[in-house]
């Protein structure tokens, strides 16, 4: 049976982020360490100009923020693995990683030279979805869900090839599937059996979700600095909170320009 450490030379983790979400890094790191403390893969955190200290995440500084796709493209050039496990800073792990299952999945992807495997199923399977085994299958070429920014194992060169300067993650999801027509794209078919259980997501429209705040409180994590407001379904209140959060963010960023952010307890 394959083990995760067998793939340490082929797989790295890339955590997509930017300095505007620096307050989310510590809770993410906590959940990662709590549920995957023996992760054998080097894990990279994309930052802009802030300095980071961490025993868990290796920062990749891409300098000025040029948008999701541009930041990610610069970071991928600095990772020397064939595959990357894509994550985001607000995807908090919610349970232990199923190591044997994940290792088996990685073995299949590498053996069959697949371009990607998404570990989060869509709410409904696409017509023509081709089940390979009890966990995952082949996403049809005409599907609009071939490039979802969920936790996904990507061939690094394949992911790089479909990035477009200036696109954000939502634009990539809506436009990117057409760029993968010649790629072997796999996805889980059911959400409840993913080997990497996670909260999707801790941040919505720039604001903390109630679920994320509850997780932090339960684990005794102090969200610091606590400048980001909580998401509200009320559109007027939400706009006010987003504007307030943006103003507070600029102040907090200026305070941290010359000192490293410690992500370890």
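Residue numbers (my numbering): 20 to 284.
Ideal Cβ positions, reconstructed from N, Cα and C, are used throughout, including at glycine.
Any heavy atom of the ligand COA closer than 8 Å to the beta-carbon of residue i?
i: residue 28; result: With respect to the ligand COA, the structure offers nothing, as it holds no ligand at all.
Taking 9 Å as the cut-off, decide whether the C-beta atoms of residue i and residue j are in contact.
i: residue 33; j: residue 80; result: no
i: residue 234; j: residue 50; result: yes
i: residue 243; j: residue 141; result: no
i: residue 237; j: residue 41; result: no
i: residue 28; j: residue 100; result: yes
Going by beta carbon distance, what residues of the same chain come within less than 8 Å of residue i, once the five residues before and after it are set aside?
i: residue 196; result: 162, 163, 164, 165 and 166
i: residue 276; result: 68 and 69
i: residue 52; result: 75
i: residue 251; result: 226, 257 and 260
Cutting at 7 Å between CB atoms, please list the residues of its own chain near residue i, excluding the five before and the five after it.
i: residue 217; result: 110, 111, 112, 113 and 170
i: residue 182; result: 88, 91 and 92
i: residue 210; result: 139 and 140
i: residue 94; result: 33, 63, 65, 79 and 81
i: residue 57; result: none
Straight-line CA distance for residue i to residue j?
i: residue 45; j: residue 283; result: 7 Å
i: residue 107; j: residue 36; result: 6 Å
i: residue 65; j: residue 91; result: 7 Å
i: residue 198; j: residue 178; result: 10 Å
i: residue 105; j: residue 158; result: 18 Å
i: residue 254; j: residue 246; result: 20 Å
i: residue 96; j: residue 39; result: 22 Å
i: residue 156; j: residue 148; result: 7 Å
i: residue 78; j: residue 184; result: 21 Å
i: residue 82; j: residue 146; result: 42 Å
i: residue 144; j: residue 190; result: 21 Å
Quick check on DSSP: helix, strand or coil for residue i?
i: residue 54; result: helix
i: residue 126; result: helix
i: residue 279; result: coil
i: residue 35; result: strand
i: residue 27; result: coil
i: residue 21; result: coil
i: residue 139; result: coil
i: residue 93; result: helix
i: residue 222; result: strand
i: residue 228; result: coil
Could you check how far apart the C-beta atoms of residue i and residue j are, in whole angstroms? I think they sit under 8 Å.
i: residue 116; j: residue 21; result: With a Cβ gap of about 15 Å, residue 116 and residue 21 do not count as contacting.
i: residue 204; j: residue 135; result: 5 Å
i: residue 174; j: residue 102; result: 6 Å
i: residue 249; j: residue 226; result: 6 Å
i: residue 208; j: residue 120; result: About 14 Å separates the two Cβ atoms, so there is no contact after all.
i: residue 71; j: residue 232; result: Residue 71 to residue 232, Cβ: 23 Å. No contact.
i: residue 23; j: residue 133; result: In fact, because the Cβ distance is near 18 Å, the residues do not count as touching under 8 Å.
i: residue 30; j: residue 60; result: 5 Å
i: residue 261; j: residue 224; result: 7 Å
i: residue 43; j: residue 229; result: That belief does not hold up - the Cβ atoms of residue 43 and residue 229 are roughly 15 Å apart, past 8 Å.
Among the residues of its own chain, which have a CB less than 6 Å from the CB of residue i, if the five just before and after it don't count?
i: residue 188; result: 87 and 168
i: residue 160; result: 200
i: residue 125; result: 26
i: residue 138; result: 170, 207, 213 and 215
i: residue 240; result: 46 and 49
i: residue 186; result: 88
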